[in-house]
Each structure stands twice: as structure tokens, then as C-alpha cells.
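Letter by letter, the sequence shown follows residues 2 to 349 of the working numbering. Structure record follows, encoded as C-alpha cells.
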Amino acid sequence: MSSVLTIIRELTSDPCWRPKPPHWEPERDMKSLSGKVALVTGPTAGIGYETVRQLVLSDAKVYLFGRNVAKMEKTRDVLRSECEATLREKVKEGDLRYNGKAGDMVLVQCDLSSLQSIKRAAEEFLAKEDRLDLLFGNAGLVTGGKTEEGYELMLGTNTLGHHALVRLLLPAIQKAAADPSNQPGATRIVLTASGAHRFVDKPINMSPEGLDDYKRGKLSSSAHLYGRSKMGNIYTAQKLAALSQASNDGIVSCAVHPGAIQSDLGGSNFVTARFKKMLLYPAAVGAVTQLWGAVGADKDEVNGKYLIPYARVGELNELGRNTEARDQVWKWCEEQCLKHGLIDRVIE
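So, in C-alpha cells, the structure goes:
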């Protein structure tokens, strides 16, 4: 029931839950991504599935990072058939995708609640590719428990897991950004956040003490813990953008609130399923903003920003604009990666 209440609370208190129709649409506005390498976490359902579909329709080579290999195999097979049929039957002369082909999909087992699984997955990717043009940190969960290393599950998966994956793949991202044939700012990192970040408004909640012991930060509900993990994604995107600007490496990073979208988040019991069907938007709409941030928007418009539905830049609460808290969370994530042997130095 706590998962249901989390969804209801996020929906009804979010000013973005009835947004204007998107001014940018993937079917109409996405250009060919032939030769580009993309990676999507959480690719088998909801927004992740729709994001992969649009990337494949634009001929990107897409790496699917997920826990369940059987689900990813089914996703790959269904998407391949769907995308080939769409390009053959629905794309007309004059469309940007006319005469295009479906991109390849590669599956990599990765459990974001395990730092060692993330390390193995990153090594597998780097053994196959030396560049990564687009990284979508899309996966997320709303459930209690602990990660393999003992972190609170939502923080350890949604925030720390994606931080670790980005850090391990940063050499490949930097290589793509340095390619002279690439348009400046075309290499991007997009982390899925949430309007639920507004549930967290006290600096103690995002302090090292609060991250190590969430009870000390006075966070107890599923909604608050989820919101904290999504604030962590926002901070990661902000810090990556700041580091990129300082080094002038050309990597663009942003965080995205997809909106009130139908997904597997929060479980699939009867009550939740009925609620989602009645009030939430289809997953295809939820993918619009993160695709716009990745391939549609001007780099200066979205770098370091928080994007909201649909395809526009939004405003954060006061804590979301707190650079001291941002830097503390980044450093905490770096220290955990160092502690568990994923990296050999901390970037500040």
C-alpha cells in the first residue's frame, strides 16, 4: 500500500501532472542516430522501453542494461519486429526516418542495487565499445530494503547505482565527446528524476550523515526515501554538468521529470493497476522529455538543468539548488565507489 500512496502523492501534488502537449515529438522530430551508441537502464517496460524503441527507430546501436536477461531478450525480439514494421509500413516519404533502418540492440545484465554487478556490466560494455554517445539512467524503484552492499535500497539503486555506472563509463563518454565529427554537445547523460524530489527539503536529508543513516535525516516514508533518491539523480546531473563546463569536454548532462506516467514503478497489484490506467499517461508520452533532452534540445538550453513534461525546463525547490548539498552527495557517492573498488580516485 505504501507504493500506491507514493504514486498518489506524487501525482496529486505535482504541478506537472497536467502539462501542455509536447512541442517536440520523437516520431516527427528525431533525426537519424546512425553510428551512435546509446545505453538505457531499465529498458524492459514503461519509459525505458519507449526510449529504446525511439532510439532503435532512429538507427542507434542501443545497449539494454537490466537485471532480468529473459525480459530483455523478449524486449529485444518484440522491439525488433515492431520497429522494422513501423519503418516499413508507417514512415512516409519526407519523414526524417524515411529509408532508415532499425538499430541493433545488445543486452547486458546489470543489477543497479549491486556495485559489483555494475562493475561487471561496465567492463562488458567497455570490452565491446570504446565510445558512448548517449546514456539514459532511466531505471528506478520504489521499495524498501537494502542493496547488496547494505545501502538503503532506493538511494543505493537510483542514486548510487547510476553514479557508479556513469563513473565507470566516463572514459567512453569522453571519447565520444572528443570525436571531431560529432556536433559539440551531442554527447549526453540523461538521468531520470521525479517531481517527488520536492518531498525532500532539509539539507540534513542530503548530508553525509543523512545518507549513511536515513533515520538521522528523519526520512521514514517510502515517498520521502524515493524523493531523496531522485534528488540524488538531480545532483549527479548538475555536478556532471559543472565538471564538464570546467574541463570543457563537451558532455551535456541533465535530469528529467517524465511526468505522471504508467510504468512498473510501485508494483502491479490490482489497486495500483486500476489507478494507473485511470489517471496516468501512457509511457510513450513519458519518454518525450528525456529524448528531447538527449537529442532534441540545444545543449545550452538543458545542460545542468531539470527538465519537466513535456520537453521544457523546470524549476527546482530550494534544496535542489543547493550546491553545497550537491557537492556533498557527489563526494559521498565517489567515496562509496572508491571504498568498493570501482574507482581509484575521487573526482571533486
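Glycine is no exception: its CB is placed at the ideal position from the N, C-alpha and C atoms.
Rounded to whole angstroms, the separation of the alpha carbons of residue 214 and residue 97 is 50 Å.
Annotation: residue 161 is outside any beta strand (DSSP E) and is labelled neither H nor E by DSSP. An exposed status is given to residue 78, since fewer than 16 other beta-carbon atoms sit within 10 Å of its beta-carbon. Contiguous alpha helix (DSSP H) elements confined to the segment 106-134 occur at 116-129, taking only those with 4 or more residues.
Out of 32, 80, 30, 234, the CA that lies nearest to the CA of residue 53 is found in 80. For residue 188, there is no enclosing beta strand (DSSP E), as DSSP marks it with neither H nor E.
Annotated three-state conformation of residue 154 is helix, per DSSP.
Within the same chain, and ignoring the five residues on either side of residue 24 in sequence, the residues whose Cβ sits closer than 7 Å to its Cβ are 312.
The beta-carbon separation of residue 320 and residue 201, rounded to 6 Å, stays under the 8 Å limit for a contact.
In this structure, DSSP gives residue 171 a helical state, which the three-state scheme calls helix. When DSSP reads this structure, residue 332 sits in no beta bridge, so it has no partner.
Taking a contact as a CB-CB distance under 8 Å, the pair residue 159 and residue 230 counts as one, their CB atoms being some 4 Å apart.
By the C-beta density criterion, residue 327 is buried, having at least 16 other C-beta atoms within 10 angstroms. Residue 228: member of the alpha helix (DSSP H) spanning 223-248, first to last residue. At a Cβ-Cβ threshold of 7 Å, residue 43 and residue 140 count as neighbours. Within the same chain, and ignoring the five residues on either side of residue 30 in sequence, the residues whose Cβ sits closer than 8 Å to its Cβ are 97, 297. Per DSSP, residue 257 is one residue of the beta strand (DSSP E) stretching across 253-257. For residue 52, there is no enclosing beta strand (DSSP E); the residue is found in the alpha helix (DSSP H) stretching over 47-58. Between residue 234 and residue 192, the C-beta spacing is below 7 Å.
By the Cβ-count criterion, residue 124 is exposed, with fewer than 16 other Cβ atoms from all chains shown falling within 10 Å of its own Cβ.
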